[in-house]
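For the record, the sequence lines run as chains A and B. So in our numbering, the last spot in the first sequence is 234, and the numbers never skip. So in our numbering, the last spot in the second sequence is 234, and the numbers never skip.
Number of protein chains: 2
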Amino acid sequence: MGMKNAKDLGYTGVELSLLDSEKVKQEWLMDKLEELNLKVYTIATGQTYYTDGYSLYSEEEDKRQRAVNRVKGHIDFAARLGSAVIIGGIRGKITAQAEGFKELEEKGMIALRACVKYAEGKGVILLLEPVNRYETNIINTLDEGLSLIEEIGSDHLKLLPDTFHMNIEESSIEESVVRAGSSIGYIHFADSNRLAPGWGHIDFPRVISALKKIKYSGPVGIEVLPKPDDYKAAEQAFRYMSSITKKVRI
Amino acid sequence: MGMKNAKDLGYTGVELSLLDSEKVKQEWLMDKLEELNLKVYTIATGQTYYTDGYSLYSEEEDKRQRAVNRVKGHIDFAARLGSAVIIGGIRGKITAQAEGFKELEEKGMIALRACVKYAEGKGVILLLEPVNRYETNIINTLDEGLSLIEEIGSDHLKLLPDTFHMNIEESSIEESVVRAGSSIGYIHFADSNRLAPGWGHIDFPRVISALKKIKYSGPVGIEVLPKPDDYKAAEQAFRYMSSITKKVRI
């Protein structure tokens, strides 16, 4: 959706989904954002996998390296924007079985550590997004994400729960949020069918209560399908969110 | 899970997942079932697509025909067993875009009609199972299933809602069940994470209420992952279902 529309609807910031930050007209984009007084909360990076096939857990050394380089480029841009960088779809999928699986898991960890180290140097937060079983086999639940974050042991790696994925993977959405607590660095709201909040059956007031319980004070991102069209989806999301809380910044 | 275990746990019947009914030792199986006093409520047919790649909506004429033949074989066996036959995964996925999509949709309808006609002749019910977006692009929601059933116009084609898929696809699980009403011929219970009911966050008492509202009097099938193992999953499902209702046969 156009940034102008987002601003007009009342949004304070946006998420940018970028293939390669080094090829983005950064100055032009930053001028535009300043003009509209919009923040960029996050840079989404999954396109690197979906479009080009490079991923942090790829079987091929070269593709892992290219994925790391893309993340580094996003981190550079994020440092300029004051944004965080999402590590979601760019993890890819582990295609090998058994022993091969473990081996790739270790290689992926090396790639991920390289990204985290670079982010630390630039003062940028990386957001690990658990994604449902159909899209990846690397980190589906918040608990799995927490274990990984603990293993890496950096305060520059945080968790990004997404309510659509949580609806499929978590035994209890609210309890998982509470358990994750201060490890949560950002959150995506989408309803159970990936439509705008209010058009599915997720109990968002309960999710908001859980966020309040852990004193989450960051923004809430809306990541939904552009249905019936992008404007209507963004409008519904903003109206619905405003109706259930005045206290959570969107 | 072994049929003996199912019987011991209290189940009155089972679902058989079969690749090719014509190659099943039908007499042996029927003796076994009689010995245990277990019914076969349904024959699941998805293996034909997952294992052999034949599907009702395949791009290849030959594969569509083989899928139809498999369904006919299952219908013959179902007639002997007094079972229904599920049309779920065997629909496959439509791989073509735009015009090609519509064309395959029509060819799939011809294949489906052939199955329905054969089922009518044998007095067997076919159960159309809506499946979530990640597994198919042919009938994801109950409403889409209802439209298809209406188009085919046979009382031998009924709907099979599955709560795991509904959790992803339906705006409201209960309202969809009520809307489908007497078109529902069977139902699968699985929790939001495909584990046994009670281990996820689906509100099953509300689903049961919806089923009572439409006066559904058939059995409830349990289709869950064998986690932590098959016996424990079946045990949890039976115990949980018994705890929430004494009135719905399992």
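Each residue gets a CB set at the ideal place from its N, CA and C atoms; glycine is no exception.
Pairing ALA180 of chain B with TYR224 of chain B gives a Cβ-Cβ distance under 8 Å.
Beta-bridge analysis with DSSP links ILE171 of chain B to B:VAL204. CA-to-CA, the gap between ALA95 of chain B and THR79 of chain B works out to about 17 Å. CA-CA distance, GLU154 of chain B to GLU90 of chain B, rounds to 25 Å.
Judged by DSSP secondary structure, GLU158 of chain A falls within the alpha helix (DSSP H) whose first and last residues are 157 to 164.
Annotated three-state conformation of SER1 of chain A is strand, per DSSP.
THR147 of chain B: member of the alpha helix (DSSP H) spanning 147 to 153, first to last residue. Within chain B, the residues whose beta carbon sits less than 7 Å from that of GLY184 of chain A are SER155, listed in sequence order. In chain order, VAL161, VAL162, ALA164, GLY165, SER166, ILE168 place their CB closer than 8 Å to the CB of ILE198 of chain B, counting only its own chain and leaving out the 5 sequence neighbours on each side.
Listed as beta-bridge partners of THR32 of chain B by DSSP are no residues whatsoever. Interface residue (Cβ-Cβ distance to chain A less than 8 Å): SER39 of chain B is not classified as such. ARG54 of chain A and VAL69 of chain A have their C-alpha atoms spaced approximately 11 Å apart. For TYR118 of chain A, the chain B residues whose C-beta falls within less than 9 Å of its own C-beta are ASN116, ARG117, TYR118, GLU119, listed in chain order.
For the C-beta of ASN151 of chain A, the chain B residues within less than 7 Å are, from N- to C-terminus, ASN151, SER176. Of A:SER138, A:GLU119, A:VAL115, the smallest CA-CA separation from ASP127 of chain A is found for A:VAL115.
For VAL24 of chain B, the secondary structure class from DSSP, reduced to helix, strand or coil, is strand.
DSSP places LYS(-12) of chain B outside any beta strand (DSSP E); the residue lies instead in the alpha helix (DSSP H), whose first and last residues are -13 to -7.
Per the DSSP secondary-structure output, LEU40 of chain B pairs with nothing in a beta bridge. Rounded to whole angstroms, VAL191 of chain A and LEU195 of chain B show a C-alpha spacing of 28 Å. With a cut-off of 8 Å on Cβ pairs, the stretch 142 to 150 of chain A is in contact with the stretch 101 to 118 of chain A, counting three or more such pairs. Under the three-state reduction of DSSP, ALA68 of chain B is assigned to strand.
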